[in-house]
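Under the working numbering, the residues of the sequence shown are numbered 4 to 318, in order. The structure under discussion appears below in the form of structure tokens.
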Amino acid sequence: MIAKKRVALVVGAGGFLGAEITRQMLSAGWAVVGTSRQRRRPHSLKVMGGTDENFKLLQFDVCWPIRKLVQKISLVNPDILINCSSYGVNYAEQDIDEAISVNATGAVHLVEAATDAGVQRFIHVGTCAEYGDQGELCREEAALKPKGVYGSTKAAGTSLVLGRVDSGLSLMVVRPFQMYGAQEQDYKLIPTLIRSCLNGRRTDLSGGLQIRDYTYVIDTARMFRMMSELESFNHRYIVNIGTGITYSLKHIGDEISNIVKSRSSVLNWGALDYRPDEIMFLAPNIERLTKLVRSKPSTNLRSGLEKVIGQLCDA
């Protein structure tokens, strides 16, 4: 008898992380239904490799009424639902009503719909922005101090889904810290630094003293896949994803400049003020991650940057 493929429903599969989680799940033998607000396949999902026959696109919006969400989820009948939907990752997205609709109300409605549809495993993708300024490595049990529209509404979403979920659904909240990869949007920091160095275009930046833990997105997605495949799924569990290694943003810029052999003056550090809500130190404690999956992201910063730069140069 041929074993039935496990099915993952990835909500927000067209996003930077969602697309990579989709690829990771497919490569591990899962069938994946990825959702998008649009009927067309997002650009990030155009090429899925030799596993494309196991991927289907579903038009889906977390802001739909719960009854419609239940109908759509029931058609898929997934073994796990991974909610990557979000609004506000782009700092320019500041519509508070939209942020609440997607990050908070939409998240809890999705949990309720998944429960009604009989889903047994659910991973809600949170964000490191929920922690705010902790002044130390962020632990999952820390009191949240979010700043800004994105962090505040994502924190509200996490609180709501943890409070609303019942015993019929095992739910984990996973908080990735900063990520980078070749498919990242141009407005993000690392693509900006890379393109500036490649083009020799002077770019004004803040002082660059912010400390961050950046993970190659393929490694982050691999952690999600490993958590999805756990024999025992920890209910109401919160898990950080990061490398456990921190760098200043200026150090990351210097690495990029060194790899592409650009003039250091191209990156004009200190030309801009820090944002009013800037957090100078934001990095995770990853003890819980390593105990849970007995692994952690393995691509070091320079190797990951070299891969990304190589892919961008080939594009």
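Glycine included, every Cβ here is placed at the ideal spot set by N, Cα and C.
Between the alpha carbons of residue i and residue j, how many angstroms are there, rounded?
i    : j    : result
V111 : D100 : 16 Å
S104 : S260 : 40 Å
L270 : V152 : 29 Å
G52  : G138 : Note that G52 scores a pLDDT of 48, beneath 50, so its modelled location is shaky and nothing firm can be said.
K7   : A117 : 21 Å
L29  : D55  : 8 Å
P81  : A95  : 34 Å
I262 : C316 : 12 Å
Y219 : A22  : 14 Å
N93  : R9   : 33 Å
C131 : K264 : 32 Å
A274 : S199 : 15 Å
M283 : V296 : 29 Å
N57  : A31  : 11 Å
P194 : Y183 : 8 Å
Q97  : G91  : 7 Å
K310 : T206 : 22 Å
E115 : F125 : 11 Å
Taking the Cβ atom as the reference point for each residue, do residue i and residue j lie within a distance shorter than 9 Å?
i    : j    : result
R215 : A286 : yes
W272 : L208 : yes
V109 : G129 : The question names Val, yet the displayed sequence has Gly at residue 109. Not in contact: G109 and G129 (Cβ atoms no closer than 9 Å).
I255 : L196 : yes
Q62  : T25  : no
C87  : L165 : no
G210 : P300 : no
Q27  : R225 : yes
A185 : Q314 : yes
I241 : R291 : yes
V341 : L84  : The displayed coordinates of the chain run from 4 to 318. Any statement about residue 341 would go beyond what the structure contains.
G17  : S77  : no
L12  : V79  : yes
V65  : L113 : yes
K59  : A34  : yes
S268 : K157 : no
Q123 : G154 : no
I312 : L233 : no
K150 : D276 : no
For residue i, which of the options has the nearest alpha-carbon?
i    : options                : result
E258 : G171, L304, A22, A132  : L304
L147 : Q188, A102, E133       : E133
N288 : Y277, S265, G247       : G247
I221 : Q181, V242, D189, Y190 : Q181
H127 : R266, R40, A107        : A107
Could you check if residue i is buried or exposed, using at least 16 other CB atoms within 10 Å of its CB as the buried criterion?
i    : result
Q69  : What sits at residue 69 in the sequence shown is Ile, not Gln. By the 10 Å Cβ count, I69 comes out exposed.
E144 : exposed
G135 : buried
T223 : buried
T293 : exposed
M230 : buried
N243 : buried
S298 : exposed
S306 : exposed
Closest Cβ-Cβ distance between residue i and chain D: below 9 Å?
i  : result
R9 : Although the question refers to chain D, the structure presented lacks it and comprises just one protein chain.
inquiry  = For the structure I just gave you, are there three or more beta carbon pairs, one from the stretch 237-251 and one from the stretch 200-220, closer than 8 Å?
reply    = yes
ask   = Any contact of the stretch 229-240 with the stretch 163-182, i.e. 3+ C-beta pairs under 8 Å?
value = Taking 8 Å as the limit for Cβ pairs, the verdict is that the stretch 163-182 does touch the stretch 229-240.
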